[in-house]
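Here's the structure, in structure tokens; my notes come after.
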Amino acid sequence: MSTKPVPTKPSETLNIVIVGHVDHGKSTLLGRLYADTGSLPDGKVEKVQAICRQQGKEFEYAFLFDAFLEEQEQGITIDTARTFFIWKGRQYIIIDAPGHKEFLKNMISGAARAEAALLLIDALEGVKEQSKKHGYLLSLLGVRQFAVVVNKMDLVGYRQDVFDGIEKEYREFLGQFKAVPTQFIPVSAKLGDNIVGRSEQMSWYTGPTVLDTLSLFRKEAARSEQPLRLPVQDVYKFDARRIITGRITAGRLKVGDHLVFSPSNKRANIQSVEAFNIEPQPMVAEAGQSIGITLDEQIFVERGEIASHQEQLPSVSTAFRANVFWLGKKPLEKGRKYLLRVATKEVDCEVASIHRIIDTMDLAQQQGSIAVGKNQVAELTIRSKTPLAFDLSSSFESTGRFVLVDEYDIAGGGIITELVHDDQEFLREEARRRDFAWVKGEVGVEDRAKQYGHRAAVVLFTGGRHTGKSLLARKLEGQLVADGRHAYLLDGENLRRGLDADLSEAERTQTAEMARRYGEVARLLTDTGLIVVSTTNPFGLAYHEAAQAIRTLVHPAPVIAVHMSQTAEEPPSNTDVMLVGPTDLDAATKRIMDELKKRGVLAQAIGAKPVFQYSI
Amino acid sequence: MKHLRQLEDQSVYIFREAYKHFDNLAMLWSMGKDSTVLLWLARKAFFGHVPFPLLHVDTSYKIPAMIEYRDRLAREWGLNLVVGQNKEALAAGMNHTLGRVTCCTALKTNALKQLLEQKGYTGVILGVRADEEGTRAKERYFSPRDKHGDWDFRDQPPELWDQYKTTFPPGTHIRIHPLLDWTEINIWEYIKLESIPFIDLYLDRGDGTRYRSLGCAPCTTPIKSIAKSVDDIIEELRHTTVAERSGRAQDEGRGMEMLRKDGYM
Chain A
12 MSTKPVPTKP SETLNIVIVG HVDHGKSTLL GRLYADTGSL PDGKVEKVQA ICRQQGKEFE
72 YAFLFDAFLE EQEQGITIDT ARTFFIWKGR QYIIIDAPGH KEFLKNMISG AARAEAALLL
132 IDALEGVKEQ SKKHGYLLSL LGVRQFAVVV NKMDLVGYRQ DVFDGIEKEY REFLGQFKAV
192 PTQFIPVSAK LGDNIVGRSE QMSWYTGPTV LDTLSLFRKE AARSEQPLRL PVQDVYKFDA
252 RRIITGRITA GRLKVGDHLV FSPSNKRANI QSVEAFNIEP QPMVAEAGQS IGITLDEQIF
312 VERGEIASHQ EQLPSVSTAF RANVFWLGKK PLEKGRKYLL RVATKEVDCE VASIHRIIDT
372 MDLAQQQGSI AVGKNQVAEL TIRSKTPLAF DLSSSFESTG RFVLVDEYDI AGGGIITELV
432 HDDQEFLREE ARRRDFAWVK GEVGVEDRAK QYGHRAAVVL FTGGRHTGKS LLARKLEGQL
492 VADGRHAYLL DGENLRRGLD ADLSEAERTQ TAEMARRYGE VARLLTDTGL IVVSTTNPFG
552 LAYHEAAQAI RTLVHPAPVI AVHMSQTAEE PPSNTDVMLV GPTDLDAATK RIMDELKKRG
612 VLAQAIGAKP VFQYSI
Chain B
5 MKHLRQLEDQ SVYIFREAYK HFDNLAMLWS MGKDSTVLLW LARKAFFGHV PFPLLHVDTS
65 YKIPAMIEYR DRLAREWGLN LVVGQNKEAL AAGMNHTLGR VTCCTALKTN ALKQLLEQKG
125 YTGVILGVRA DEEGTRAKER YFSPRDKHGD WDFRDQPPEL WDQYKTTFPP GTHIRIHPLL
185 DWTEINIWEY IKLESIPFID LYLDRGDGTR YRSLGCAPCT TPIKSIAKSV DDIIEELRHT
245 TVAERSGRAQ DEGRGMEMLR KDGYM
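Protein chains in written order, with my numbering: chain A, 12 to 627; chain B, 5 to 269.
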């Protein structure tokens with residue numbers, strides 16, 4: 012049955028994962044595939060056979076790739092192995108995933124890398140717990156191409172009715188979440204039926220063998236036809252060029268394209284596509300490529316922003332609904348803080364609600380939970396500390412999925428199913444429309460920053476009445492100007508009598524419109540390059556709401572939030588400096604100045620050119 | 005050629021993630037074909053620059069031509085080269101006749117651990133490939149090592165899509181493997197595609213033998229081959245069924261699993 016591999020030059024690579032319940036024969040299938048295509052090094056089979064003889068056990072193909080001593084002793088796969096073989100012009104990287112539920116995180120790591128999958132089911136045992144879980148997870152992980160391999164047909168006398176029964180049962184299960192396998196294949200991995208050669212025992216089966224099925228899997232190329240998504244990975248300035256780098260996750264771009272960065276709404280044209288040792292310099296790039304570009308204008312863009320064309324922008328919000336699988340040692344809890352990573356963006360988040368937990372055995376739903384345990388799948392709403400750009404996973408794969416980090420570890424992952432509107436939505440939309448239509452002069456933000464020795468920013472004092480906000484704001488403005496910075500105290504009183512004079516008494520008691528006007532004035536001032544010093548005094552106790560609105564409108568200028576209170580209390584979210592009790596003005600001023608330096612607003616020394624943090 | 009660019013894009017992405025997340029980053033360079041391709045990929049990722057030091061763990065038993073090649077490229081490409089050596093063990097007479105695993109542990113693993121500790125590197129980039137041997141096939145792109153440099157392969161962190169483990173407790177470090185998906189043939193195909201300079205020990209220089217894998221002189225033996233060019237090597241590898249590291253003594257028995265668990269590359 013052994014066929015020598017055809018030594019062809021591969022033209023592409025394809026990642027395949029083999030999944031399924033423990034002991035259903037994944038490693039055996041892999042070993043058999045390699046042995047029957049002549050893809051194993053000389054003496055490998057003989058070497059493993061010798062070890063088996065020595066240990067007094069029967070030779071199994073599975074031992075070829077279970078490299079760890081422990082794996083061979085226990086006869087199970089602990090961690091995924093990457094293996095390689097070339098067949099008909101394609102280089103396959105085949106990942107053998109463990110089927111034991113204890114190693115689910117390893118199975119998921121393997122499947123997350125795959126472009127297609129083989130899912131194994133034991134003909135004698137039938138559809139088991141992990142068969143279902145793995146099928147469901149493949150769908151959740153975005154592996155849409157897969158074939159179901161019904162193994163150990165020799166143990167059921169190669170009977171077609173057994174095979175048909177399994178196919179019917181499993182198709183029904185998959186149908187509930189609209190997963191459709193490309194093929195069901197009856198095999199015996201141990202005896203080599205329908206792996207590489209056709210089985211003489213199952214003449215009733217006329218479909219492709221496992222090897223044929225691999226060739227039938229398609230390399231996904233359609234991503235380049237989608238709208239552009241380029242998550243910013245980093246910004247480099249190793250030489251005269253300032254290069255924005257990232258991997259295009261969808262669509263394509265070319266020199267001269269107008270790009271919008273979300274959520275900052277910054278815009279510029281692509282001046283060049285940079286590359287090392289490529290002649291002539293590229294003019295275009297497409298999905299999958301790790302690239303570097305320069306822009307025609309010096310704008311601050313940070314890691315985590317998503318570049319796109321203006322016609323098809325990603326969503327921006329602080330909340331979304333998602334399907335999540337949890338792998339953490341500690342359960343996922345409502346209200347606890349996690350780090351959220353969507354493409355290259357990293358931001359603090361919490362679980363706002365757990366809608367339901369899904370049992371992958373029967374897809375039954377359980378409601379009213381406050382925590383998600385290890386290896387469970389759930390529907391959640393996640394809320395982030397600051398707005399981020401993302402897509403729905405139904406439209407974009409890479410920018411529509413995320414991981415959650417608990418302490419030091421990636422503890423879960425998921426796909427975004429729905430945008431959740433937050434209370435800043437209208438203001439954010441206003442800011443976006445305004446920024447896109449903004450008429451610029453000849454002097455850019457960067458030019459002003461160089462000239463002034465600092466970036467534009469807003470220092471916003473929040474807190475209740477009589478906490479000393481005005482006093483400290485004045486002191487800070489004085490200190491900044493004395494140091495040679497360009498700062499301005501924006502007092503709400505000055506707006507009341509002028510800009511807000513057209514508002515009725517009733518309207519003036521409502522925070523929304525007052526805050527909107529205040530935010531737009533602050534936005535104008537930051538565009539002049541000023542450090543705006545301000546308090547939420549005009550809004551009284553509605554400072555939470557006002558601070559949020561101001562933040563949305565001046566975005567992406569940094570807001571340094573200083574909260575003052577008489578007694579210890581929970582400060583608004585995003586507070587940078589917390590001052591409790593009677594304040595020593597000098598010490599407090601110094602703390603705020605240090606924070607401005609830390610955030611890269613102020614240059615370290617007066618007169619020196621500011622060293623900005625281009626990315627965080 | 006397209007498959008090489010796909011591999012390159014993935015490696016470049018990993019390099020940039022590493023550079024972004026690790027303040028104290030370094031890369032191992034043994035001057036072999038793999039780590040030299042790795043070095044080239046770093047120059048791809050950073051547009052001709054290599055923004056971190058290159059570490060060479062010098063066992064003192066390397067083939068002299070490798071040291072000449074090292075110093076020449078370091079000069080030409082403006083590399084920041086850091087050489088580490090377990091001088092104590094060498095002074096005490098360590099060599100391969102005392103046992104190969106013992107010698108590798110002392111002169112490579114321990115020398116590396118000393119260097120990492122001394123310089124406080126928290127991220128180390130290495131050129132290991134999954135197709136080299138069994139335990140490397142089970143590696144992650146970002147693979148944590150504990151305080152003693154040990155690898156807990158029983159409990160590796162999940163690695164989802166393009167999200168890697170970039171946070172870690174103080175005192176531990178992360179090994180970063182941008183070449184994990186590359187095969188031996190891919191390495192040579194890429195050397196050809198990009199015209200990367202390599203040591204001619206990999207070629208038959210007239211005696212009908214060449215090195216397929218380079219390590220210390222006493223523990224590396226050449227293979228029979230008449231490959232005199234990169235094209236010849238690629239052609240030879242397409243037809244061979246002999247394992248790449250068959251000339252490397254440390255792979256015998258369970259040598260590699262034991263070495264790697266304790267922090268070997």
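Think of the CB as a built atom: it goes at the ideal place given N, C-alpha and C, for glycine as much as any other residue.
Keeping to the same chain, check which residues put their C-beta closer than 8 Å to that of residue i; ignore five residues upstream and five downstream.
i: residue 658(A); result: The requested residue 658(A) is not part of the displayed model; chain A covers only 12 to 627.
i: residue 235(B); result: 196
i: residue 28(B); result: 123, 124, 125, 126 and 127
For residue i versus residue j, is the C-beta distance shorter than 8 Å?
i: residue 244(A); j: residue 258(A); result: yes
i: residue 256(A); j: residue 410(A); result: no
i: residue 125(A); j: residue 56(A); result: no
i: residue 67(B); j: residue 180(B); result: no
i: residue 388(A); j: residue 336(A); result: yes
i: residue 60(B); j: residue 22(A); result: no
i: residue 209(A); j: residue 220(A); result: yes
i: residue 106(A); j: residue 158(A); result: no
i: residue 232(B); j: residue 213(B); result: no
i: residue 330(A); j: residue 397(A); result: no
i: residue 164(B); j: residue 123(A); result: yes
Please return the same chain residues whose Cβ sits closer than 6 Å to the Cβ of residue i, not counting the five positions on each side in sequence.
i: residue 268(B); result: 113
i: residue 278(A); result: 271
i: residue 57(B); result: 30, 84 and 86
i: residue 486(A); result: 596 and 600
i: residue 404(A); result: 411, 412, 426 and 427
i: residue 556(A); result: 522
So what's residue i in DSSP terms, helix, strand or just coil?
i: residue 147(B); result: strand
i: residue 127(B); result: strand
i: residue 21(B); result: helix
i: residue 199(A); result: strand
i: residue 457(A); result: helix
i: residue 207(B); result: coil
i: residue 31(B); result: strand
i: residue 378(A); result: coil
i: residue 396(A); result: strand
i: residue 610(A); result: coil
i: residue 12(A); result: Residue placement at residue 12(A) is flagged as unreliable, the pLDDT there being 40, under the threshold of 50; a coordinate-derived value is accordingly withheld.
i: residue 619(A); result: Confidence at residue 619(A) is low in this model, with a pLDDT of 43, below 50, so the placement of that residue is unreliable and no value is reported for it.
i: residue 324(A); result: coil
Is the closest heavy atom of the ligand GDP to the C-beta of residue i under 7 Å?
i: residue 24(B); result: Inclusion of the ligand GDP in the displayed structure is not the case, the ligand content being empty and no account of it being possible.
Going by CA-CA distance only, name the one from the options that's closest to residue i.
i: residue 530(A); options: 171(A), 63(A) and 441(A); result: 441(A)
i: residue 551(A); options: 477(A), 135(A), 486(A) and 414(A); result: 477(A)
i: residue 2(B); options: 182(B), 220(B) and 264(B); result: Look at the range of chain B in this structure, 5 to 269, and you will see that residue 2(B) is not part of it.
i: residue 648(A); options: 138(A), 98(A) and 122(A); result: Residue 648(A) falls outside the range modelled here, since chain A spans only 12 to 627, and no answer is possible.
i: residue 40(A); options: 368(A), 203(A), 65(A) and 153(A); result: 203(A)
i: residue 264(A); options: 298(A), 249(A) and 356(A); result: 298(A)
i: residue 36(A); options: 369(A), 132(A) and 76(A); result: 132(A)
i: residue 578(A); options: 492(A), 71(A) and 479(A); result: 479(A)
i: residue 153(B); options: 189(B), 173(B) and 167(B); result: 173(B)
i: residue 365(A); options: 372(A), 134(A) and 332(A); result: 332(A)
Spatial neighbours of residue i within its chain, please: CB distance less than 7 Å, with the 5 preceding and 5 following residues excluded, ordered by chain position.
i: residue 626(A); result: Confidence in residue 626(A) is poor, its pLDDT being 30 and thus under 50, which makes the residue's placement unreliable; the coordinate value appears in the next sentence. Closer than 7 Å at Cβ, skipping near neighbours: 245, 246, 313 and 314.
i: residue 22(B); result: 29, 127, 129 and 180
i: residue 107(B); result: 98, 99 and 100
i: residue 168(B); result: 21, 145 and 146
i: residue 188(B); result: 135, 241 and 248
i: residue 16(B); result: 45, 48 and 49
i: residue 308(A); result: 279 and 455
| Residues within the stretch 405 to 429 of chain A neighbouring chain B, beta-carbon criterion of under 9 Å | 408, 409, 412, 413, 414, 416, 418, 419, 420, 421, 422, 423 and 424
| query | Taking any Cβ of chain B, which residues in the stretch 290 to 322 of chain A have a Cβ under 8 Å from it, in chain order? | reply | 299, 300, 301, 303 and 314
| message | Give me the subset of the stretch 41 to 60 of chain A whose CB atoms are less than 9 Å from a CB atom of chain B, sorted by chain position. | response | 49, 50, 51, 52, 53, 54 and 55
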